[in-house]
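Protein chains in written order, with our numbering: chain A, 1143 to 1497; chain B, 1143 to 1497; chain C, 1143 to 1497.
For glycine and all other residues, C-beta sits at the position ideal for the given N, C-alpha and C.
Right, one structure below, let's go through it.
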Amino acid sequence: MMGKNNRKKNAQRIPLQEIARLIDGEVIGDEQMKIRGINALDEAEPGEISFLTSARYQDRLPHTLASAVILQKKTSLFDGAQVLVADPKLAYPKVAGLFAPGIPRFLGVSDQAICHNSCSLGTGVSIYPNVFIGEDAEIGGETVLFPGVYVGNGVRIGRKTVLYPNVTVLDDCRIGNEVIIHAGTVIGSDGFGFVQDGGHSRKIPQLGIVQIDDQVEIGANNCIDRAAFGKTWIQRGVKTDNLVQIAHNVIIGEDSIIVAQAGISGSVKIGRQVMLGGQVGVADHLEIGDRVMIASQSGVAKSIPSGEIVSGTPTMPHRVWLKASSLFQHLPEFNRRIREVEKHLEGMEIQRNKE
Amino acid sequence: MMGKNNRKKNAQRIPLQEIARLIDGEVIGDEQMKIRGINALDEAEPGEISFLTSARYQDRLPHTLASAVILQKKTSLFDGAQVLVADPKLAYPKVAGLFAPGIPRFLGVSDQAICHNSCSLGTGVSIYPNVFIGEDAEIGGETVLFPGVYVGNGVRIGRKTVLYPNVTVLDDCRIGNEVIIHAGTVIGSDGFGFVQDGGHSRKIPQLGIVQIDDQVEIGANNCIDRAAFGKTWIQRGVKTDNLVQIAHNVIIGEDSIIVAQAGISGSVKIGRQVMLGGQVGVADHLEIGDRVMIASQSGVAKSIPSGEIVSGTPTMPHRVWLKASSLFQHLPEFNRRIREVEKHLEGMEIQRNKE
Amino acid sequence: MMGKNNRKKNAQRIPLQEIARLIDGEVIGDEQMKIRGINALDEAEPGEISFLTSARYQDRLPHTLASAVILQKKTSLFDGAQVLVADPKLAYPKVAGLFAPGIPRFLGVSDQAICHNSCSLGTGVSIYPNVFIGEDAEIGGETVLFPGVYVGNGVRIGRKTVLYPNVTVLDDCRIGNEVIIHAGTVIGSDGFGFVQDGGHSRKIPQLGIVQIDDQVEIGANNCIDRAAFGKTWIQRGVKTDNLVQIAHNVIIGEDSIIVAQAGISGSVKIGRQVMLGGQVGVADHLEIGDRVMIASQSGVAKSIPSGEIVSGTPTMPHRVWLKASSLFQHLPEFNRRIREVEKHLEGMEIQRNKE
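Here it is as structure tokens:
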């Protein structure tokens, strides 16, 4: 049973009433019931609550072992307690938050951390052993730095931010409040800038920084390069998945989402609420408008106006790509058909000349 | 000479007889000969043994400087000692193992490692300096943790497992016996799960874990995310190359192979002995059957039944892709030929109307 | 204003005369003027110098706030001081170097670093806390190792080399002089080598090393695997961007450039001054000639002779790819046109049979 692997082992049990209150829900059934966890319909066990976010999954309701289910409309398909809410999709993460174990915190500043005596640490910080904090760095209150985190000179990190193990933040970069940076990510490595000089590459010093605004979440093993001048700028609410590459001077607008292994070349400007699929590549100096959606593995070679949905390398409207790509495997047939038509015409020509 | 760069400098010299015994081989030539290393036919030096795994390379036999060669059938192309075995491909790694320097071990538990006093360490563990081990973590006997390794609270790691430098294993994840995890890899980062709420992304707490079974090898700088619920599960004998992305709730079946920079989206279920080429992307919630082979850079957008060999974006049978992709560069010619046929027909039409 | 984010806060002010001398430039205007930084034309502020590297940008000259501009020919479009040089592209990084803050150095060897007593450290090394240096390792003079760097047994690193935080260099690898390796990169992980044995993968011990020659720069979170035998070899002056994968036994020739997220399979031999675009994949055992350019996202499935410019999967001449890929979205139209021609011919055939 997969459910048995969930992290929360000795969770407190929470009355259903309390859960319903958190999500503005109406309980049908036993309000006093104690809930000990949340799980998917297929994986839930007795004592757990589950949720129905789409009618597509409602055939799972009769089979779930969950003791309670969060859903939009009362159903006869489920015998246990029901919690009716306006939007189960939004209710789910709130309830999951009740059962999440939370980020383990080191109490205070470890004496096995290395903090330069000029650095400034806010109240309630959690600085694990083997952290390094450089000269004049500032760490905001309640921020957590896990082992192996490197914070360079002059770095400023806000409040309630979490840097997971082995994250590197190089000199002078700025990270906002309530930011999460997953393990192994590098912020502020040099932009990839060289000039060619008789076949050799001369390094262009990268004088800028990286700025990451509030409520951004950066995945594991990302690389975000510092700007040549000015800043590489990740704006409020952006979320990146793992192994994402963001080159120097890129700007990513608020609430945009970048899926795993996407790569964004230098000086690209991405709008708000943009969605970049996995393994997408974006060529340098382009502009991607607000709310653009780019399908996985696309190769973006020209700027894209706001609101477009594109696919392919180079990109085209997604609906065009769906048709064109479905025909790709028919190229051998196209070849044959064109040949047959040509032969047919040749045959007619010969016939005509005879007549 | 590349051979000079091999790692083993002062290897002991091993009698050919002993090597032959290890691989059930029959020696033709001097059994007492002392061998000091193994190398490719092109790179071997006197005193080294080499091997012929395919008839394709047999023209290298007359030129090799190796003192002995492992091969399937006696040959007149090589003057030195010959060791005849049923399968030279299998014999090669066994003999290489004799000359491999082995993993350097720290003796016992460094007092410069940070181990929570509630953690449990098996006998013969090798815990290097700058390792961090959290609350209630369990490390099996003879396991090696290199510097910079982070082991979160409640993590369980089996016996004879090796975690190379700067590997991060987050809370509650489980790693089996005889597992190898290469440097910089992150196990148990949060799955990339958000719900949209008026243009903002609300984080979905990721309550599950990662489970890695026995004899798995994970490459460098991989990211394996913890499940939303339950577990992300890498089954026995799986091997991943470097920079691989494995999202939450993915299951990879026994003995599957994932080549570098491949990315697997959430909840994908991969069968046994599957082969994913480099830079492949797999969309979420798909099922890939047993023994499927997916060529490099393919983009998998639909489930694939067992035993298929596919290529392309979206995927198609590999033999179809080979033909179709070879015609891609002829699209301008297709365009011209269709145009000519059209003109020809137009001309005939005009002619006809005149007649 | 982006310019405000530049790293150098209290830079000394440098007379324009001195800057001109460094780049062999001729000053038109006030030679005594004090310059406090360098910036792009659009972002420069009074007191800063800027540069014009292409006539394309000359419409920015009237609007820049820069106090001085480096350019090739005297212009009437800019009122401030002008510094005329033969090649502004080459002058720019030199002047930027004057204002770059430089790499922050720990003075000497931290007593919180772990250095095996058999290791050898050159004069002027900078060994930060939390560095680990193994047995018999050699670190050349003036080399900087940042926190979290792991240097395995028998590793040799040259002079004036910089390893940024959390870089891992495994046993016996060699790194030259004036090399830069960005954070999180792994050098010398095992090559991905297995033999199939009844459905299981048997590990092939990887006996070789990685050798990185002088003046190489390796991006963040790269993986460079050690050779099966001999060496994986990155030759002088090579530059790699972030998240690049280099498999075992690859050789990359002098001054080649590998853009982010490219992946190079085992035993590939790449020539000099080659340019690999972002997210390119190269299949194993191929040869890429000197000065070859491979466009982003290409999939290289066969060897490429020197001097070629290629694109696509599989690769074709870049100019062919441009035409072919622009026609891809017309496949539905091709299909329709072929169908129409076929119908037309059928119609004629029927007509003919009637006559």
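Mind checking which residues open and close the alpha helix (DSSP H) that includes residue i?
{"i": "C:E1491", "result": "L1473 to K1496"}
{"i": "C:K1216", "result": "Taken as a continuous stretch (DSSP letters only), C:K1216 belongs to no alpha helix (DSSP H), as it is neither H nor E."}
{"i": "B:S1468", "result": "H1460 to F1470"}
{"i": "A:A1223", "result": "No alpha helix (DSSP H) contains A:A1223, which is instead part of the beta strand (DSSP E) from A1223 to L1226."}
Keeping to the same chain, check which residues put their C-beta closer than 6 Å to that of residue i; ignore five residues upstream and five downstream.
{"i": "C:A1503", "result": "Because residue 1503 of chain C is not part of the residues shown, which for chain C are 1143 to 1497, the question remains open."}
{"i": "C:L1487", "result": "none"}
{"i": "A:N1477", "result": "none"}
{"i": "B:G1420", "result": "V1401, A1402, Q1403 and S1438"}
{"i": "B:S1524", "result": "Given that chain B is displayed from residue 1143 to residue 1497, the structure contains no residue 1524 of chain B and the question cannot be resolved."}
{"i": "B:E1359", "result": "I1322 and K1381"}
{"i": "C:R1155", "result": "K1176 and R1178"}
{"i": "C:W1375", "result": "Q1353 and I1393"}
{"i": "C:G1379", "result": "Q1357, E1396 and D1397"}
Going by beta carbon distance, what residues of the same chain come within less than 7 Å of residue i, once the five residues before and after it are set aside?
{"i": "A:V1169", "result": "L1158, Q1159, A1162, A1223 and V1225"}
{"i": "B:V1483", "result": "none"}
{"i": "B:D1332", "result": "Q1348, D1367 and R1368"}
{"i": "A:F1274", "result": "I1256, Y1292 and V1293"}
{"i": "B:K1216", "result": "I1170, Q1224 and L1226"}
{"i": "A:A1186", "result": "G1145, S1192, T1206, L1207 and A1208"}
{"i": "C:I1447", "result": "According to the sequence as given, residue 1447 of chain C is Pro; it is not Ile. Within the same chain, C:P1447 has close Cβ partners G1431."}
{"i": "C:K1496", "result": "none"}
{"i": "A:E1429", "result": "K1411 and S1445"}
Looking at residue j and residue i, is the spacing between their C-beta atoms short of 9 Å?
{"i": "C:S1445", "j": "C:G1431", "result": "yes"}
{"i": "C:V1121", "j": "C:Q1357", "result": "Given a span of 1143 to 1497 for chain C in the structure shown, any question on residue 1121 of chain C remains unanswerable."}
{"i": "A:G1300", "j": "A:I1323", "result": "no"}
{"i": "A:L1219", "j": "A:D1201", "result": "yes"}
{"i": "A:N1364", "j": "A:V1328", "result": "yes"}
{"i": "B:M1435", "j": "B:H1460", "result": "yes"}
{"i": "B:L1385", "j": "C:L1385", "result": "yes"}
{"i": "B:F1334", "j": "B:A1389", "result": "yes"}
{"i": "C:R1211", "j": "C:L1232", "result": "It is Val, not Arg, that sits at residue 1211 of chain C in the sequence shown. No; because the gap between Cβ atoms is not below 9 Å, this pair is not in contact."}
{"i": "B:A1370", "j": "B:G1405", "result": "no"}
{"i": "C:C1315", "j": "C:Q1353", "result": "yes"}
{"i": "C:V1452", "j": "C:S1440", "result": "yes"}
{"i": "B:I1480", "j": "C:I1394", "result": "no"}
{"i": "C:T1310", "j": "C:G1330", "result": "yes"}
Identify the continuous beta strand (DSSP E) that holds residue i and give its terminal residues.
{"i": "C:F1336", "result": "F1336 to D1339"}
{"i": "A:K1444", "result": "It is not in any beta strand (DSSP E) - A:K1444 carries neither H nor E in the DSSP assignment."}
{"i": "C:G1330", "result": "V1328 to S1331"}
{"i": "C:Q1353", "result": "I1351 to I1354"}
{"i": "C:H1342", "result": "H1342 to K1345"}
{"i": "A:T1455", "result": "Note, A:T1455: premise wrong, no beta strand (DSSP E); not H, not E."}
{"i": "C:D1426", "result": "Here C:D1426 belongs to no beta strand (DSSP E), and DSSP marks it neither H nor E."}
{"i": "C:D1367", "result": "C1365 to D1367"}
Tell me which residues share the same chain as residue i and place their Cβ nearer than 8 Å to its Cβ, disregarding the 5 neighbours each side in the sequence.
{"i": "C:G1250", "result": "V1267, S1268 and I1269"}
{"i": "A:E1284", "result": "G1264, T1265, G1266, V1267, S1268, R1301 and K1302"}
Looking at residue i and the ligand HEM, is the gap between the Cβ and the nearest heavy atom below 8 Å?
{"i": "A:L1305", "result": "Of the ligands one can find in the structure shown there are none, so the ligand HEM has no counterpart to examine."}
*Determine contact between the stretch 1153-1169 of chain C and the stretch 1225-1241 of chain C, defined as no fewer than three beta-carbon pairs at a distance below 8 Å.*
Yes, the stretch 1153-1169 of chain C is in contact with the stretch 1225-1241 of chain C.
_Segments of 3+ residues assigned as beta strand (DSSP E) that fall wholly inside the stretch 1153-1212 of chain C_ = Uninterrupted beta strand (DSSP E) stretches at least 3 residues long and entirely within the stretch 1153-1212 of chain C occur at 1168-1170 and 1190-1193, given in chain order.
*Counting Cβ pairs closer than 8 Å, one from the stretch 1407-1424 of chain B and one from the stretch 1392-1399 of chain B, do we hit at least three?*
Using a C-beta cut-off of 8 Å, the stretch 1407-1424 of chain B makes contact with the stretch 1392-1399 of chain B, since at least three inter-stretch Cβ pairs fall below that distance.
_Check whether the stretch 1287-1299 of chain C and the stretch 1282-1295 of chain B touch, using three or more Cβ-Cβ pairs below 8 Å as the test._
With a cut-off of 8 Å, the stretch 1282-1295 of chain B and the stretch 1287-1299 of chain C count as touching, because enough Cβ pairs lie within range.
*Length at least 4, wholly inside the stretch 1228-1314 of chain C: the alpha helix (DSSP H) runs in chain order*: As far as the stretch 1228-1314 of chain C is concerned, its whole alpha helix (DSSP H) runs of at least 4 residues are 1230-1241.
_Three-pair Cβ contact test at 8 Å for the stretch 1264-1281 of chain C versus the stretch 1239-1254 of chain C_ = In short, these stretches touch, since the Cβ pair count reaches three.
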